[in-house]
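Trainee: Quick one: structure below, then a few questions.
2 protein chains.
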Amino acid sequence: MLALEPLIAPPEYEFYEGDEAEEMLEKALGRFFVLYALCRVEYEGRAKSELDWGLRILISKPDGTLLIHERDKHKPRNWQPPGCKLYLLRKGRWPVLMSVRRRPHEVIRVVLEKVLALLIINQVAREELALEKTEADLVSKVVREPSLIEEGLEVIDVEHPTPVGTIDLLARDGKGRLVVCEFKRSVAGLDAVSQLRRYVEQMAEAHGREKVRGILVAPAITSTAMRYLAKLGLEYKRLT
Amino acid sequence: MLALEPLIAPPEYEFYEGDEAEEMLEKALGRFFVLYALCRVEYEGRAKSELDWGLRILISKPDGTLLIHERDKHKPRNWQPPGCKLYLLRKGRWPVLMSVRRRPHEVIRVVLEKVLALLIINQVAREELALEKTEADLVSKVVREPSLIEEGLEVIDVEHPTPVGTIDLLARDGKGRLVVCEFKRSVAGLDAVSQLRRYVEQMAEAHGREKVRGILVAPAITSTAMRYLAKLGLEYKRLT
DNA sequence: CGTGCCAGGTGCCTT
DNA sequence: AAGGCACTTGGCACG
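Chains P and A are the protein sequences, given in the same order.
Position 199 of the first sequence, counted from 1, bears residue number 198 in numbering that gives the first Met the number 0, the numbering being contiguous throughout.
Position 9 of the second sequence, counted from 1, bears residue number 8 in numbering that gives the first Met the number 0, the numbering being contiguous throughout.
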C-alpha cells in the first residue's frame, strides 16, 4: 500500500474494499479529501433520490460540505451543505459514508464497494472573493450619478425597507414625485416587474398612486415583461 | 515520476512545475481530472473576479465543466458550465489552463505555479436521476384528488399558459368560479404571492374579478406573504 | 435561442 | 431562526 499522505491511490486495475478501504477512509475523516469510488448513493431529506452502483467522484470538506459528482454537468448529482456531519460506518462488508444534516433533516449514505483513489488534502485556500459587476455595483453607480436614470433625480434612500420587501433605490424626481427603482444586473423578466409593482403600490398607499413612479433599471428586458410593465404604468430605463 | 494512469500525484513535499507540469496536464486535457495545485485564478464574463495565489482543487469534466473549489462551502469559488472549451497554454514559466465559454463570452484563466496532485479518471457514472417530492408531484397529487384543495373542485387544466406566465393548475369550484392555483414545494414567500396575483388578474380580465379565485398551495407560508395575500383577496391552502 | 420558472437551489444579510 | 433577495444562479421545457 502506498503512503497515506497526501494521497492514497492505486492504479486503475487495483482497488481497495472492505476493511482495507475502511481503514483508509478513517484517516480521511475530518480532512479535505477527494474520493474516486464505485458506490451506491441514497439521499433522503427535502427530496429523495437513489443512485445505483457507479463510479463517482466524491469531495468532502472539513466544514461538512459533501459533493458527489458524475460525468457531466456543473451541479453535483447529490450533495450536502456546510455544517453537516460525516460518519464512517459499515453495512455488511461495505464501508458506508453517511452525511447528516440537522435542520432540515437530510441524510446521504454512500455505500462503497471499491475505492479506486483517495486524495487527502492538507491545505486549501480560503479567500474573500470580491466580485465585480454585481447589482450592487449598478446601484452605487446610480447613487453617485443619479442623472444616469434621469435629470433632476435626487436619491433618498437605498435598500429601503417596506412591509413587502426592500426597495433597491428610492428617489425623488424633478416634479417632487417619489421614484421607486428596482435594479437587475441581467435581463429583467416578469418577476422583476412584479417586484417593482409591489413596492410602488406600497409607497402609493401613503403618498397616492399619482405621486409615485416605478422604474425598472436593467441592461435588457424581456418582451412579455415590457408589455406587463407598460400595462401597469411603470417605466423601464436601460442601463448597463 | 509515478505512473500516469489513473493518477499522478507526488507526496506533499513534492510538486511539479513548469515543463514537467505542462507535460502532465497535456495528458489530462479532454479527460475527467482532478487537480490539486498552487494557482492564481482570473475570471471575466458576466461578472469578474480574481483569486490570488492559493492551493485549490480543480475539477475538469470532458463536457467542458470546470469547477474550482476552496476550503469551504458547497459552491465552487469559480466555475465554467458544460460546453466550454479548455486550453493549455503558457505564461512565462507557468502553465495556464484557460476555459472559454462562447455565449455569453466568459473566460477563466488558471495560472499554475505548482501541481501537487493530478488525478486522471477514466470512467465516471452518468445516470438519470429520478427525484421525488418535487412541485410536479404535488400538482399531480391534486389532479388525482382535487378535494385535497376543496370539495367540489374540478380540474380544468395544468401548466396553463397565459401572457404573464404559466398557471400551475386551473380549476372550477362548486359555484362555477375559476380557481387559479399556484404551487410551492416549500415555504411560499412574497414572490409566490406576486406570481399568483399576476395569473389571477390575467384571468380576471376575461371573466371578471369576482369570478376568479386564487389559491396558493404550499406546505407553509411566510407571515409577510400571508398578510400580502389576504390584502389582495387571495387564499392559502396548506398542503404537504 | 429567448423566456419563464423550479430547485434538495446556495449564500448573504437583516430583523 | 425566519425572511427577503441576488446569483457568473443552473437546469429544463416550451414557443
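Cβ atoms here follow ideal geometry from the backbone N, Cα and C, with glycine treated the same way.
1. Can you give the Cα-Cα distance for W78(P) and R92(P), rounded to whole angstroms?
2. Could you tell me how far apart the beta carbons of I119(A) and K60(A) are, in whole angstroms, since I believe they sit closer than 8 angstroms?
3. For the beta strand (DSSP E) containing Q79(P), list its first residue and its last residue.
4. Is V179(P) near G232(P), with beta carbons less than 7 angstroms apart?
5. Just checking my contact of A36(A) with L111(A) at CB under 8 angstroms: how many whole Å lie between their CB atoms?
6. By the three-class DSSP mapping on this structure, what secondary structure does P103(A) have?
7. Does DSSP classify P162(P) as helix, strand or coil?
8. Does L65(A) pass the burial test, meaning 16 or more other C-beta atoms within 10 Å, or should it be called exposed?
9. Which residues mark the beginning and the end of the alpha helix (DSSP H) in which G175(A) is found?
10. Along chain A, which residues have their Cβ under 8 angstroms away from the Cβ of E69(P)?
11. Please report the distance separating the alpha-carbon of I107(P) from that of K90(P).
12. Taking 7 angstroms as the CB-CB cut-off, is P145(P) touching chain A?
13. Would you identify the three-state DSSP class for E4(A), choosing helix, strand or coil?
14. Within 10 angstroms of its Cβ, does L88(P) collect 16 or more other Cβ (buried), or is it exposed?
15. Along the chain, which unbroken stretches of the alpha helix (DSSP H) at least 4 residues long are found entirely within the region 1-64 of chain P?
16. Tell me which residue opens and which closes the beta strand (DSSP E) that E299(P) is part of.
17. If you follow the beta strand (DSSP E) that V138(A) is in, where does it begin and where does it stop?
18. Cβ atoms of L169(A) and I148(A): under 7 angstroms apart, would you say?
19. Check whether chain P comes within 7 angstroms of G53(A), counting only Cβ atoms and requiring the distance to be less than that.
20. Between H206(P), M202(P), G188(P) and R176(P), which lies nearest to L215(P) when the distance is taken from Cα to Cα?
21. Determine the burial state of D18(A): buried for a count of at least 16 other Cβ atoms within 10 Å of its Cβ, exposed for fewer.
22. Please state whether DSSP places S98(A) in a helix, a strand or coil.
23. Classify R240(A): buried if its beta carbon has 16 or more other beta carbons within 10 angstroms, exposed otherwise.
24. Can you give me the Cβ contacts of P5(P) inside the same chain, cut-off strictly under 8 angstroms, excluding the 5 residues immediately before and after it?
25. Can you tell me the Cβ-Cβ gap for E126(P) and D51(A), rounded? I've got them flagged as a contact below 8 angstroms.
26. How far does the alpha helix (DSSP H) with K90(P) in it reach, from first residue to last?
27. Between P275(P) and K72(A), how many whole angstroms is the CB-CB distance? I'm expecting something under 8 angstroms.
28. Compare the C-beta of K47(A) with all C-beta atoms of chain P and state if any pair is closer than 7 angstroms.
29. Using a Cβ-Cβ distance cut-off of 7 angstroms, determine whether S193(P) contacts chain A.
30. Quick one: what's H68(A) bridged to in DSSP?
31. Round the Cβ separation of L28(P) and L85(P) to the nearest angstrom and send it over; I've been treating them as touching at under 8 angstroms.
32. Output the boundary residues of the alpha helix (DSSP H) element that contains V123(P).
Mentor: Result, derived from the coordinates:
1. Position 79 of the first sequence, counting from 1, holds the residue named residue 78(P). Position 93 of the first sequence, counting from 1, holds the residue named residue 92(P). Going by the C-alpha atoms only, they are around 24 angstroms apart.
2. Taking the first residue of the second sequence as 1, we reach residue 119(A) at position 120. Taking the first residue of the second sequence as 1, we reach residue 60(A) at position 61. About 12 angstroms; that fails the 8 angstroms criterion.
3. Working through the first sequence from its first residue, we reach residue 79(P) at position 80. Taken as a continuous stretch (DSSP letters only), the beta strand (DSSP E) holding Q79(P) covers N77 to Q79.
4. Taking the first sequence and counting its residues from 1, one reaches residue 179(P) at position 180. Taking the first sequence and counting its residues from 1, one reaches residue 232(P) at position 233. Not closer than 7 angstroms, so no.
5. What you label residue 36(A) is simply residue 37 of the second sequence in a count that begins at 1. What you label residue 111(A) is simply residue 112 of the second sequence in a count that begins at 1. Confirmed, Cβ separation roughly 5 angstroms.
6. What you label residue 103(A) is simply residue 104 of the second sequence in a count that begins at 1. Of the three classes helix, strand and coil, the one that applies to P103(A) here is coil, per DSSP.
7. Within the first sequence, numbered from 1, the residue matching residue 162(P) stands at position 163. Three-state result, P162(P): coil.
8. Residue mapping note: residue 65(A) aligns to position 66 of the second sequence, counting from 1. With 16 or more other Cβ atoms within 10 Å, it is buried.
9. Position 176 of the second sequence, counted from the start, is the residue given in the question as residue 175(A). Per DSSP, G175(A) belongs to no alpha helix (DSSP H) and is neither H nor E.
10. One-based indexing of the first sequence puts residue 69(P) at position 70. Residues of chain A whose Cβ lies closer than 8 angstroms to the Cβ of E69(P) are, in chain order, V123, A124, R125 and E126.
11. For this step, residue 107(P) is matched to residue 108 along the first sequence. For this step, residue 90(P) is matched to residue 91 along the first sequence. So the alpha carbons of these two residues sit roughly 14 angstroms apart.
12. Taking the first sequence and counting its residues from 1, one reaches residue 145(P) at position 146. No, because no Cβ of chain A sits closer than 7 angstroms to the Cβ of P145(P).
13. To locate residue 4(A), count along the second sequence from 1; it is residue 5. The predicted position of E4(A) is uncertain, since its pLDDT is 43 and thus under 50; no value can be drawn from it.
14. Mapped onto the first sequence, residue 88(P) falls at position 89. That one is exposed.
15. 17-27
16. Any property of residue 299(P) remains undetermined from this structure, which presents chain P solely from 0 to 239.
17. Against the second sequence, residue 138(A) aligns to sequence position 139. Counting along the chain, V138(A) falls outside any beta strand (DSSP E), though it belongs to the alpha helix (DSSP H) covering E134 to R143.
18. The count along the second sequence starts at 1 and reaches residue 148(A) at position 149. The count along the second sequence starts at 1 and reaches residue 169(A) at position 170. No.
19. For the purposes of this step, residue 53(A) is identified with residue 54 of the second sequence, where counting begins at 1. At least one chain P Cβ lies under 7 angstroms of G53(A).
20. For the purposes of this step, residue 215(P) is taken as the residue at position 216 of the first sequence. Measuring from the Cα of L215(P), the nearest candidate turns out to be G188(P).
21. Taking the second sequence and counting its residues from 1, the one referred to as residue 18(A) is at position 19. D18(A) should be labelled exposed.
22. Start at 1 with the first residue of the second sequence, and residue 98(A) comes out as number 99. The answer is strand: DSSP assigns S98(A) an E or B state.
23. With chain A covering 0 to 239 only, the question about residue 240(A) has no answer from this structure.
24. In the first sequence, counting from the first residue as 1, residue 5(P) sits at position 6. Residue placement at P5(P) is flagged as unreliable, the pLDDT there being 46, under the threshold of 50; the coordinate-derived value follows with that caveat. L118, I119, I120 and N121.
25. To locate residue 126(P), count along the first sequence from 1; it is residue 127. To locate residue 51(A), count along the second sequence from 1; it is residue 52. At roughly 7 angstroms, the Cβ-Cβ gap stays under 8 angstroms, so E126(P) and D51(A) are in contact.
26. Start at 1 with the first residue of the first sequence, and residue 90(P) comes out as number 91. Here K90(P) belongs to no alpha helix (DSSP H); instead the beta strand (DSSP E) covers K84 to K90.
27. No statement about residue 275(P) is possible, as the shown extent of chain P runs from 0 to 239 and does not include it.
28. For the purposes of this step, residue 47(A) is identified with residue 48 of the second sequence, where counting begins at 1. Yes, K47(A) counts as interfacial toward chain P.
29. Position 194 of the first sequence, counted from the start, is the residue given in the question as residue 193(P). Yes, because at least one Cβ of chain A sits closer than 7 angstroms to the Cβ of S193(P).
30. For the purposes of this step, residue 68(A) is identified with residue 69 of the second sequence, where counting begins at 1. Answer is I56(A), bridged to H68(A).
31. For the purposes of this step, residue 28(P) is taken as the residue at position 29 of the first sequence. For the purposes of this step, residue 85(P) is taken as the residue at position 86 of the first sequence. In this structure L28(P) is in contact with L85(P), their Cβ atoms being roughly 6 angstroms apart against a cut-off of 8 angstroms.
32. Locating residue 123(P) in the first sequence gives position 124, counting from the first residue. Neither: V123(P) is in no alpha helix (DSSP H) and is coded neither H nor E.
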